[in-house]
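> With the working numbering applied, the sequence shown covers 359 to 593. Glycine included, each C-beta is placed from N, C-alpha and C at the ideal position. Quick one: the structure is below, and I'll ask about it shortly.
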Amino acid sequence: MASSRIAYQQIADQLLEQILTGQLAVGDRLPSEAELCQQFGVGRSTIREALRVLSSRNLLTTNRGVGGGSQVAQIDHEDVSRMLGDAIILLTRSDGCTIPEVVEARELLEVPAARLAAQRRTTAQLEELRATVPGRVGASNVTERHDLGRRFHAMLLELAGNRLLALMTEPVFALVGVRFEHEQAAPEFWQQVQTYHESILRAIEDGDGDRAGREMAAHLVNLRSTYEAIDRLPH
Numbered sequence: 359m360a361s362s363r364i365a366y367q368q369i370a371d372q373l374l375e376q377i378l379t380g381q382l383a384v385g386d387r388l389p390s391e392a393e394l395c396q397q398f399g400v401g402r403s404t405i406r407e408a409l410r411v412l413s414s415r416n417l418l419t420t421n422r423g424v425g426g427g428s429q430v431a432q433i434d435h436e437d438v439s440r441m442l443g444d445a446i447i448l449l450t451r452s453d454g455c456t457i458p459e460v461v462e463a464r465e466l467l468e469v470p471a472a473r474l475a476a477q478r479r480t481t482a483q484l485e486e487l488r489a490t491v492p493g494r495v496g497a498s499n500v501t502e503r504h505d506l507g508r509r510f511h512a513m514l515l516e517l518a519g520n521r522l523l524a525l526m527t528e529p530v531f532a533l534v535g536v537r538f539e540h541e542q543a544a545p546e547f548w549q550q551v552q553t554y555h556e557s558i559l560r561a562i563e564d565g566d567g568d569r570a571g572r573e574m575a576a577h578l579v580n581l582r583s584t585y586e587a588i589d590r591l592p593h
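See below:
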């Protein structure tokens with residue numbers, strides 16, 4: 359292998375492929391460091407660096423000492439969402455990301471989610487969704503309104519009952535949170551958000567998926583103008 363850095367990365371990639379293809383399943387113990395050294399023809403430091411790469415991504419758990427070693431970890435929803443979010447933010451910083459692209463991504467994910475939420479919501483979930491609308495619970499400042507807004511959209515995804523949809527949408531929320539400071543929005547913006555959230559909520563309460571989708575689409579179009587205004591401000 360050309361260099362130590364390339365060597366450990368190549369080994370990490372090969373082990374990752376075995377995890378992704380199921381050759382190494384959750385809970386499986388990897389060969390010992392000595393066996394991995396022999397398998398890949400490298401020294402212990404290179405193997406340890408490769409294992410460290412995978413551990414940093416929460417793909418492996420490693421225990422030292424007698425009876426220790428590395429095994430494939432159980433990946434949870436939050437780990438995957440965080441990795442996706444970090445990757446998306448880094449990509450947009452290096453390659454740029456336009457306002458229309460951000461809004462389009464949200465439209466593709468959240469409009470169908472609103473439709474599904476209207477069809478699948480339970481009574482208990484509706485109560486939780488109602489508790490995220492500022493006018494119904496009272497929100498005294500911008501930070502509270504912003505937090506309630508994020509909870510509204512996150513709760514709506516939960517109502518949709520599709521974990522993969524939620525997994526793909528949450529990183530886009532993270533991008534919006536990093537790129538647009540909510541304190542920079544015009545005061546009337548928060549009243550508009552509340553109005554749209556009320557309309558979406560009523561459609562979901564009525565079990566009207568088509569209307570919920572239309573209201574969500576209108577809400578996101580309105581968000582675009584605010585995002586564009588914030589993006590024009592000096593950074």
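Use the C-beta contact count for Val384: other C-beta atoms within 10 angstroms, 16 or more gives buried, fewer gives exposed.
Counting from 1 along the sequence shown, the entry for residue 384 is found at position 26. When all chains shown are included, Val384 counts as exposed.
> Using 9 Å as the threshold, is the C-beta distance between Leu409 and Leu388 below it?
In the sequence shown, counting from the first residue as 1, residue 409 sits at position 51. In the sequence shown, counting from the first residue as 1, residue 388 sits at position 30. Result yes, Cβ atoms of Leu409 and Leu388 sit closer than 9 Å.
> Output the distance between the C-alpha atoms of Arg569 and Ile446, rounded to the nearest integer angstrom.
What you label residue 569 is simply residue 211 of the sequence shown in a count that begins at 1. What you label residue 446 is simply residue 88 of the sequence shown in a count that begins at 1. The straight-line gap from Cα to Cα measures roughly 31 Å.
> Per DSSP, which one or two residues make a beta bridge with Gln429?
Working through the sequence shown from its first residue, we reach residue 429 at position 71. According to DSSP, which records beta bridges pairwise, Gln429 is partnered with Arg387 and Thr419.
> Buried or exposed for Pro492, going by 16 or more other Cβ atoms inside 10 Å?
Numbered from its first residue, the sequence shown carries residue 492 at position 134. Pro492 comes out buried.
> Out of curiosity, what's the CA-to-CA distance linking Asn520 and Leu487?
Position 162 of the sequence shown holds residue 520. Position 129 of the sequence shown holds residue 487. Their backbone Cα atoms lie some 17 Å apart in a straight line.
> What does a CB cutoff of less than 7 Å around Thr501 pick up in its chain, not counting 5 residues either side in sequence?
Stepping through the sequence shown from its first residue, residue 501 is reached at position 143. Answer for Thr501: no residue qualifies.
> Sorted by chain position, which residues of the same chain lie with C-beta nearer than 8 Å to Val579's C-beta, five sequence neighbours on each side aside?
Position 221 of the sequence shown holds residue 579. Taken in chain order, the residues that qualify are Val461.
> With DSSP collapsed to three states, give me the class of Gln376.
Mapped onto the sequence shown, residue 376 falls at position 18. Helix at Gln376.
> Does any heavy atom of the ligand GDP sit closer than 8 Å to the C-beta of Met441?
In the structure shown, the ligand GDP is absent, as is every other ligand, since no ligand is present at all.
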